[in-house]
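Q: This is the structure, below, for whatever I ask next.
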Amino acid sequence: MAITINGTPVDPPADPRVSLLDLMRDRLHLTGTKVGCNQGACGACTVLIDGQRVLSCLTLAVQAEGRTVTTIEGLGADGLHPLQQAFLEHDGFQCGYCTPGQICAASAMLEEVAAGMPSYVTRDLAAPARLTREEVRERMSGNLCRCGAHNGIIDAIMAVAEEQAA
Amino acid sequence: MTPVQYRRADSASDAIRLAGTAGHRLLGGGTNLVDLMRKGVERPDTLVDVTGLPGAIEEAADGSIVIGAGARNSAIAAHPLIRSRYPMLSRAILAGASAQIRNMATAGGNLLQRTRCVYFADAAGSRCNKRAPGSGCDAIGGFTRYHAILGASPACIATHPSDMAVALAALDARVHVAGADGARALPLTDFHRLPGDRPDLETELAPGEVIVAIELPPSRLAPRSDYRKVRDRASYAFALVSVAAGLVIEDGRISEARIALGGVAHKPWRAWRAEAALQGEAPNEAAFVAAAEAELAGAEPRPGNMFKVTLAKRTLAAVLSGLCEDQA
Ligand SMILES: Cc1cc2nc3c(=O)[nH]c(=O)nc-3n(C[C@H](O)[C@H](O)[C@H](O)COP(=O)(O)OP(=O)(O)OC[C@H]3O[C@@H](n4cnc5c(N)ncnc54)[C@H](O)[C@@H]3O)c2cc1C
Ligand code: SF4
Ligand code: FES
Ligand code: FES
């Protein structure tokens with residue numbers, strides 16, 4: 001069975017030790033996804049598997065067999081994704097290294113909120129989730145930014161969320 | 001990483017058969033195991049992917065909720081039955097790791113995640129009785145901010161890092177396991193072990209046994225329960241101290257209390273002493289402080305984690321006060 005990456009079927013590697021991250025970057029030259037810590041601590045390697053945000057550094061590529069992977073290249077395939085545009089407009093990055101992970105994570109995060117999923121800072125677990133800046137901070141805490149572009153990142157995400165709600 | 005084979009278990013019986021083979025390890029989301037393989041701490045020859053094990057979250061005839069071992073942490077936290085009936089469990093899971101990791105992590109893998117003791121993870125440079133029995137413990141006399149203050153031993157002072165398991169300990173959850181010799185269930189509070197002189201033996205799971213489900217019994221106090229985690233940054237960090245608690249107050253007296261602490265011991269720490277101290281008391285600050293004192297009376301902190309004793313007492317009293325405000 002193949003791994004479908006941004007719509008293209010790819011054979012899983014023969015060596016099960018290869019992470020999804022290394023498969024994409026080193027063997028498929030899909031370098032949009034970044035490698036930061038390689039141990040689950042930074043979020044730079046975030047991609048979507050079957051629409052859910054996960055860390056590609058801790059996912060063995062063989063575990064993605066039969067699944068659909070979307071990377072930043074996939075999100076931006078038909079021109080800039082609304083989140084990419086918003087990151088540009090709101091200074092959502094400085095060096096840009098964390099940005100692909102931030103944008104993949106944010107796109108899934110907005111879906112999670114739309115599906116009513118709570119976060120640790122959601123006070124009323126019974127009520128539908130509402131996106132506040134505090135909520136964005138908590139829900140995006142798995143994506144570190146060494147440049148400290150967080151305020152711009154939150155502005156960009158809030159802008160897209162407000163557009164979607166309008 | 002040493003070379004490894006990979007296969008998927010199609011069913012629980014398949015997983016049990018493969019789990020019993022020497023050198024085989026079960027693979028959940030891989031968020032802990034893959035990392036430890038990369039660090040050279042774990043060296044399985046074959047990985048048996050058990051993410052295909054049932055992960056349904058369902059109500060049983062007696063009102064218990066049964067969570068399949070394959071359930072992802074994020075799915076448990078967001079499930080309407082868990083949010084409404086066991087909010088402390090939703091909050092505990094949501095307090096752990098990041099959204100990405102919770103989407104990957106399974107219920108079974110969460111219970112069996114290994115300690116975050118830095119010396120344990122440093123296979124090349126540190127002595128560790130858990131990783132290499134009999135080699136010594138570099139944490140003792142070393143960096144102990146994240147280490148135990150209760151139930152530790154001269155062999156190991158590591159803590160269990162799971163937030164989810166702390167809530168499960170307070171909720172009297174049961175762990176259903178199965179092996180070649182059949183199936184059994186044990187209380188979560190008896191599932192993890194204290195280190196004693198065998199810190200390498202972390203749970204009561206026998207070699208070859210597989211976790212198949214977690215069962216939450218019906219609970220009167222759980223619908224108004226809470227989980228609070230104190231850590232070095234506001235999110236995406238392991239607990240210094242955490243508290244899961246629920247109370248039932250009847251006629252102005254505490255008739256039931258369930259409390260567990262995280263970040264303080266080698267296992268999720270059920271606060272039996274605090275619970276006993278609260279029984280029949282009026283729910284006020286003095287009673288909460290006395291209960292916290294009773295629980296922490298036996299604490300044996302290290303120079304690097306003395307602060308945790310006070311932190312645990314204050315957090316426990318604060319969570320209990322918060323529960324009463326909610327019920328007022
Ligand atoms: C950066 C980072 C931060 C984190 N922060 C937190 C935190 O704040 N709080 C917290 O609680 N956790 C935290 N975690 C840990 C995370 O919760 C665990 O790694 C996760 O729950 C493990 O689940 P898994 O399915 O990925 O397990 P795996 O890594 O796949 O497996 C872990 C162990 O469980 C065994 N196993 C898996 N399934 C079964 C089964 N069904 N039966 C028997 N054995 C089984 C495996 O053999 C292995 O030994 C963090 C992790 C990372 C990387
Ligand atoms: S505290 Fe336990 S896990 Fe850490 S180095 Fe000592 S023996 Fe190893
Ligand atoms: S590279 Fe995957 S989390 Fe840092
Ligand atoms: S923009 Fe540089 S790390 Fe985030």
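Protein chains in written order, with UniProt numbering: chain A, 1 to 166; chain B, 1 to 328. From the three backbone atoms N, C-alpha and C, an ideal C-beta is built for every residue, glycine too. Note that the structure is predicted; figures quoted are calculated from it, not measured.
Is any heavy atom in ligand 4 found nearer than 7 Å to the beta carbon of A/C104?
A: Translated into positions along the first sequence, residue 104 of chain A becomes position 104. Every heavy atom of ligand 4 is 7 Å or more from the Cβ of A/C104, so no.
Q: Pull every residue with its beta-carbon under 5 Å away from any heavy atom of ligand 4, and keep them in chain order.
A: Going along the chain, the residues that qualify are A/F93, A/Q94, A/C95, A/Y97, A/C98, A/C145, A/R146, A/C147 and A/A149.
Q: From which residue to which residue does the alpha helix (DSSP H) around B/I259 run?
A: Position 259 of the second sequence holds residue 259 of chain B. That residue, B/I259, is in no alpha helix (DSSP H); its beta strand (DSSP E) goes R253 to G262.
Q: When burial is assigned at 16 or more other CB atoms within 10 Å of the CB, is A/M1 buried or exposed?
A: Locating residue 1 of chain A in the first sequence gives position 1, where the first residue counts as 1. A/M1 should be labelled exposed.
Q: Report the residues of the region 90–111 of chain B with a CB closer than 8 Å to any CB of chain A, ordered along the chain.
A: Answer in chain order: S90, R91, L94, A95, A97, S98, A99, Q100, I101, N103 and M104.
Q: Do you know whose CA, among B/R174, B/G125 and B/R258, lies nearest B/V248's CA?
A: For the purposes of this step, residue 248 of chain B is identified with residue 248 of the second sequence, where counting begins at 1. Answer by Cα proximity: B/R258.
Q: Return yes when at least one heavy atom of ligand 2 lies under 7 Å from the C-beta of B/A155, else no.
A: Sequence index remark: in the second sequence, residue 155 of chain B carries index 155 (1-based). Yes.
Q: Using a 10 Å radius around the Cβ and a threshold of 16 neighbouring Cβ atoms, would you call B/Q5 buried or exposed?
A: Against the second sequence, residue 5 of chain B aligns to sequence position 5. By the neighbour-count rule (16 or more Cβ atoms within 10 Å), B/Q5 is not buried but exposed.
Q: Return yes when the C-beta of A/Q164 is under 7 Å from any heavy atom of ligand 1, and no when it is not.
A: Working through the first sequence from its first residue, we reach residue 164 of chain A at position 164. The answer is no for A/Q164.
Q: Answer yes if the region 194–209 of chain B comes into contact with the region 136–154 of chain B, meaning at least three C-beta pairs across the two stretches below 8 Å, and no otherwise.
A: Taking 8 Å as the limit for Cβ pairs, the verdict is that the region 194–209 of chain B does touch the region 136–154 of chain B.
Q: Which residue marks the beginning of the beta strand (DSSP E) containing A/T46, and which one marks its end?
A: The sequence position of residue 46 of chain A within the first sequence is 46, counting from 1. Run containing A/T46: T46 to I49, per the beta strand (DSSP E) assignment.
Q: Does B/G23 come out as helix, strand or coil in the three-state DSSP assignment?
A: Residue mapping note: residue 23 of chain B aligns to position 23 of the second sequence, counting from 1. Reduced to three states, the DSSP call for B/G23 is coil.
Q: Once you ignore the five residues that flank A/T4 on each side, which residues in its own chain have a CB closer than 6 Å to its CB?
A: By 1-based counting over the first sequence, the position of residue 4 of chain A is 4. If we look at A/T4 and ignore the five residues flanking it on each side, its Cβ neighbours are T68.
Q: For my contact list, B/T159 and B/G263 are in at a C-beta cut-off of 8 Å; report their separation, rounded to the angstrom.
A: The count along the second sequence starts at 1 and reaches residue 159 of chain B at position 159. The count along the second sequence starts at 1 and reaches residue 263 of chain B at position 263. With a Cβ gap of about 6 Å, B/T159 and B/G263 count as contacting.
Q: Could you tell me if B/T21 is buried or exposed, where buried requires 16 or more neighbouring beta carbons within 10 angstroms of its beta carbon?
A: By 1-based counting over the second sequence, the position of residue 21 of chain B is 21. So B/T21 counts as exposed.
Q: Any heavy atom of ligand 1 within a distance shorter than 7 Å of the CB on B/A97?
A: Numbered from 1 along the second sequence, position 97 holds the residue referred to as residue 97 of chain B. It does: the Cβ of B/A97 is within 7 Å (strictly closer) of some heavy atom of ligand 1.
Q: Select from B/R8, B/E325 and B/M306 the residue whose C-alpha is nearest the C-alpha of A/Q63.
A: Indexing the first sequence from 1 puts residue 63 of chain A at position 63. For the residues B/R8, B/E325 and B/M306, the minimum Cα distance to A/Q63 belongs to B/R8.
Q: Suppose contacts are defined by Cβ-Cβ distances below 8 Å. Is B/L26 in contact with B/V48 by that definition?
A: Along the second sequence, read from residue 1 onward, the residue named residue 26 of chain B stands at position 26. Along the second sequence, read from residue 1 onward, the residue named residue 48 of chain B stands at position 48. Against a cut-off of 8 Å, the Cβ pair of B/V48 and B/L26 comes out as a contact.
Q: Tell whether a beta-carbon distance below 8 Å holds between B/G70 and B/T106.
A: Taking the first residue of the second sequence as 1, we reach residue 70 of chain B at position 70. Taking the first residue of the second sequence as 1, we reach residue 106 of chain B at position 106. Going by C-beta atoms, B/G70 is nearer than 8 Å to B/T106.
Q: Cβ closer than 7 Å: which chain A residues qualify as neighbours of residue 357 of chain B?
A: One cannot answer for residue 357 of chain B here, as it falls past the ends of chain B, which runs 1 to 328.
Q: Within the chosen definition, does the region 160–177 of chain B reach the region 139–149 of chain A through at least 3 CB pairs nearer than 8 Å?
A: With the cut-off at 8 Å, the region 160–177 of chain B and the region 139–149 of chain A do not touch.
Q: Quick one, are the C-beta atoms of B/D45 and B/G28 less than 8 Å apart?
A: For the purposes of this step, residue 45 of chain B is identified with residue 45 of the second sequence, where counting begins at 1. For the purposes of this step, residue 28 of chain B is identified with residue 28 of the second sequence, where counting begins at 1. No. Outside cutoff.
Q: Determine the closest residue to B/H147 out of B/F238, B/T203, B/S126 and B/E293, with distance taken between C-alpha atoms.
A: The residue you call residue 147 of chain B lines up with position 147 of the second sequence. If we check each option's Cα against that of B/H147, B/F238 comes out closest.
Q: Check whether the region 223–243 of chain B and the region 311–328 of chain B touch, using three or more Cβ-Cβ pairs below 8 Å as the test.
A: They touch, by the three-pair rule.
Q: What does A/T33 touch in chain B if you count any residue whose Cβ is under 8 Å from its own?
A: Taking the first residue of the first sequence as 1, we reach residue 33 of chain A at position 33. Those do not exist, as A/T33 stays about 13 Å from chain B at its closest Cβ, beyond 8 Å.
Q: Helix, strand or coil: how does DSSP classify B/L310 here?
A: For the purposes of this step, residue 310 of chain B is identified with residue 310 of the second sequence, where counting begins at 1. Sequence check: residue 310 of chain B is Thr here, not Leu. If DSSP states are grouped into helix, strand and coil, B/T310 belongs with the helices.
Q: Quick one, which of A/A108, A/D124 and A/C147 has its alpha-carbon nearest A/A161's?
A: The residue you call residue 161 of chain A lines up with position 161 of the first sequence. Nearest option by C-alpha distance: A/A108.
Q: A/P12 bridges to which residues according to DSSP?
A: On the first sequence, residue 12 of chain A is found 12 positions in, with the first residue counted as 1. DSSP output for A/P12 lists no bridge partner at all.
Q: Just grab the DSSP bridge partners of A/I3 for me.
A: Your numbering for residue 3 of chain A matches position 3 in the first sequence. Answer by DSSP bridge pairing, in chain order: A/V10.
Q: Could you name the residues of the same chain whose beta carbon sits closer than 7 Å to that of A/V113, not counting the 5 residues immediately before and after it, in chain order?
A: Taking the first residue of the first sequence as position 1, residue 113 of chain A is located at position 113. Excluding residues within five positions, the ones whose Cβ falls inside 7 Å are A129 and L131.
Q: Contact criterion: CB-CB distance below 8 Å. Does B/V34 meet it with respect to chain A?
A: Within the second sequence, the letter at position 34 stands for residue 34 of chain B. By this cut-off, B/V34 is an interface position.
Q: Which residue wins for smallest C-alpha separation from A/C37, given the options A/L48, A/A126 and A/L55?
A: Within the first sequence, the letter at position 37 stands for residue 37 of chain A. Closest option to A/C37, Cα to Cα, is A/L55.
Q: Check whether the Cβ atoms of A/E73 and A/G43 sit closer than 8 Å, and answer yes or no.
A: Here residue 73 of chain A corresponds to residue number 73 of the first sequence, with the count starting at 1. Here residue 43 of chain A corresponds to residue number 43 of the first sequence, with the count starting at 1. No, Cβ-Cβ distance for A/E73 and A/G43 is not below 8 Å.
Q: Take every Cβ of the region 288–301 of chain B, pair it with every Cβ of the region 266–278 of chain B, and state whether three or more of those distances are shorter than 8 Å.
A: Taking 8 Å as the limit for Cβ pairs, the verdict is that the region 266–278 of chain B does touch the region 288–301 of chain B.
Q: Measuring CB to CB, does A/T59 end up less than 8 Å from A/R53?
A: Taking the first residue of the first sequence as position 1, residue 59 of chain A is located at position 59. Taking the first residue of the first sequence as position 1, residue 53 of chain A is located at position 53. For A/T59 and A/R53, no; Cβs fall outside 8 Å.
Q: Going by DSSP, which residues form a beta bridge with B/A178?
A: Here the question's residue 178 of chain B lines up with position 178 in the second sequence. Answer is B/A183 and B/V210.
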